[in-house]
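Inspection log for the structure reproduced underneath, given as C-alpha cells.
There are 2 protein chains.
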Amino acid sequence: MPMYRLDTIDRRILAALQRDARLSNVQLAEEVNLSPSPCLRRVRQLEAAGLIRGYHAELDRGGAGLGLTVFVGIKVERHHEAEANAFREAVVALPEVVSAHLVSGESDFLLQVVVADLADYERFLTGTLLRLPGVSDIRSNFAIQTVKEYGPLPLTRPEGEGR
Amino acid sequence: MPMYRLDTIDRRILAALQRDARLSNVQLAEEVNLSPSPCLRRVRQLEAAGLIRGYHAELDRGGAGLGLTVFVGIKVERHHEAEANAFREAVVALPEVVSAHLVSGESDFLLQVVVADLADYERFLTGTLLRLPGVSDIRSNFAIQTVKEYGPLPLTRPEGEGR
DNA sequence: TATTCATTGGCATCTTATGCCAATTTTATC
DNA sequence: GATAAAATTGGCATAAGATGCCAATGAATA
Chain A
6 MPMYRLDTID RRILAALQRD ARLSNVQLAE EVNLSPSPCL RRVRQLEAAG LIRGYHAELD
66 RGGAGLGLTV FVGIKVERHH EAEANAFREA VVALPEVVSA HLVSGESDFL LQVVVADLAD
126 YERFLTGTLL RLPGVSDIRS NFAIQTVKEY GPLPLTRPEG EGR
Chain B
6 MPMYRLDTID RRILAALQRD ARLSNVQLAE EVNLSPSPCL RRVRQLEAAG LIRGYHAELD
66 RGGAGLGLTV FVGIKVERHH EAEANAFREA VVALPEVVSA HLVSGESDFL LQVVVADLAD
126 YERFLTGTLL RLPGVSDIRS NFAIQTVKEY GPLPLTRPEG EGR
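Next comes the structure, spelled out in C-alpha cells:
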C-alpha cells in the first residue's frame, strides 16, 4: 500500500473522473485548472499508484433486461480456511453477483444479486446459491426502489484545508 | 422506458465498456468486430437511449483515505408520502452514502456508507443518520472484507442464442 | 540568497473522433 | 422467390485530442 499523498488538484481530478470517466484530458485539465500535459501526467500517476482502479460504464439495469436486484444475506458454517476460500471463489465467479462482502452482524456475507425477474431469482437461489459449499442460511431482501446508486466516494479534503 | 432491442454487437459493446470505459472507439470497434464509424454510432445510440447511464472511475477506497464501508439497515416509522420523500432526499444528499435502496425484509432501507474509520462512522451515525426524519431503528453491518465489487452486469444473450 | 528538485506549459507529432456518402445487407411485401 | 424500401456498414477527409520532450517557473532546502 504505497501511501499516496493527494493534493487538491488530485482530488479534483478524482472527483471529476468519478463523475464522468469519459472527459477528454483537455476538458479535465480545464476543470482542474491545469494545462493538458501535467493533467495527463497526474492521471497516469494516479492510475499507476492504484488509486484509480478502472473505468466502467454504468448501465440501466432495467433497460438491459435485469429488472430485479436482491440483497442476499448468507450465513455459512464455521469456516475452515479451505472451505471459506471455496465459498468466496464460487461467489466471485457467479455473474449474477455484482458485489459481495464479508460483514459483521446477522449474516456472514452480503451479496448484491442482479437477475431478470422473480422466476430467474428462484432458479438462481435454488439452483446455485443454496448449493454453494457451507451455506447454512439465506435471507433475501428485494430492492423495491433504488434511492441512490453509484454515488461518488466522499473525497476528504487534505488535512488543514477548510471547506 | 422505450424498449431497446439489443443485438449481439450491442451486448458486446456494453460488456466491453463495463469492463473498460476508456477504450478508444477504435479499440472498441476492433473488439466487437465493426469498423469505427458504426461502432461509435451504436455507442451514441446506447447513450441516447439511456442504456448507458454514465461512465465512472472506480477508485481505491483505502487509498483515498476511506477505509471503512458499512451496510446500514434502517427502519422508518409508518411513512406518509411527505416524510418518506423527506427521508429519501436527505439520504441522497449525504456524501457518505454511496448507495441506498428501499428493500423488503427486516429493514426498510439499506444504505452503503463509506467513511474513513470507526471514529468517523460514529460521528456520522450519531450526528447525521440518527437525526434523519422518521428513523426508528438502525442496524450497522461493517464490511470486513470485500469479496467482489463493481462486478459487471450479467448481460443476457438475445433470445434463441445458445451459449 | 543561492542551489537543487519538482511541476508546469507549450509545441510538434501521432492517434482518435466524427460527419458524410456510397455500397452492402436485411427486412418486408408482393 | 424476387423486388423494393429501410437500416447498417465502411471508408474518407477534417477537426480534436493524446503524448512525449524541453525549457521555464515555482517551491523547498541549505
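Here the protein sequences line up with chains A and B, keeping their order.
So for the first sequence, my numbering puts the first residue at 6; every next one is plus one.
So for the second sequence, my numbering puts the first residue at 6; every next one is plus one.
C-beta atoms are modelled at their ideal positions from N, C-alpha and C, and glycine is treated no differently.
B:I143 is the residue among B:I143, B:A95, B:I57 and B:R128 whose C-alpha sits nearest the C-alpha of A:G110. CA-to-CA, the gap between A:V31 and B:A91 works out to about 39 angstroms. At the C-beta level, B:T161 and B:V119 stay beyond 8 angstroms of one another.
By the rule that beta-carbons nearer than 8 angstroms mark a contact, A:I143 does not touch chain B. A:I149 counts as exposed, since fewer than 16 other C-beta atoms from the protein chains shown sit within 10 angstroms of its C-beta. Nearest to A:F114 by alpha-carbon distance, out of A:L123, A:D122, A:S104 and A:A121, is A:S104. Relative to B:A62, the option among A:R93, A:R16, A:I79 and A:H106 whose CA is nearest is A:R16. For the pair B:H106 and A:T151, the CB atoms are nearer than the 8 angstroms cut-off. The Cβ of A:T13 sits no closer than 8 angstroms to any Cβ of chain B.
In terms of Cα proximity to A:D12, the closest of A:R58, A:C44 and A:E82 is A:C44. When C-beta distances to chain A are compared with 7 angstroms, the residues of the stretch 77 to 96 of chain B below that value are R93 and V96, in chain order.
For B:G59, there is no enclosing alpha helix (DSSP H); the residue is part of the beta strand (DSSP E) that begins and ends at I57 to L64. Secondary structure remark: continuous beta strand (DSSP E) runs of at least 3 residues inside the stretch 68 to 114 of chain A, in chain order: 73 to 81 and 102 to 108.
When Cβ-Cβ separations below 8 angstroms define contact, B:T161 makes contact with chain A.
Assigned with DSSP and collapsed to three states, B:A21 falls in helix. Following the DSSP letters along the chain, one finds B:T151 in no alpha helix (DSSP H) but inside the beta strand (DSSP E) bounded by residues V140 to K153. B:Q23 reaches chain A at H61, A62 and L64, counting residues in chain order whose Cβ is nearer than 7 angstroms. Contact annotation: B:S112 and B:G78 have beta-carbon atoms nearer than 8 angstroms. At a cut-off of 8 angstroms between C-beta atoms, B:Q50 does not count as an interface residue with respect to chain A. Contacts between A:T151 and chain B, judged by CB atoms closer than 9 angstroms, involve S104, A105, H106 and L107 in chain order.
Between A:V96 and A:Q23, the alpha-carbon positions lie close to 27 angstroms from each other.
Annotation for B:Y126: the continuous alpha helix (DSSP H) segment containing it runs L123 to G132. Look at B:A26: its C-beta is under 8 angstroms from a C-beta on chain A. In terms of Cα proximity to B:V81, the closest of B:I14, B:A21 and B:L134 is B:L134. Interface annotation, B:Y155: in contact with chain A, CB-CB separation under 8 angstroms. Secondary structure of B:L45 (DSSP, three-state): helix.
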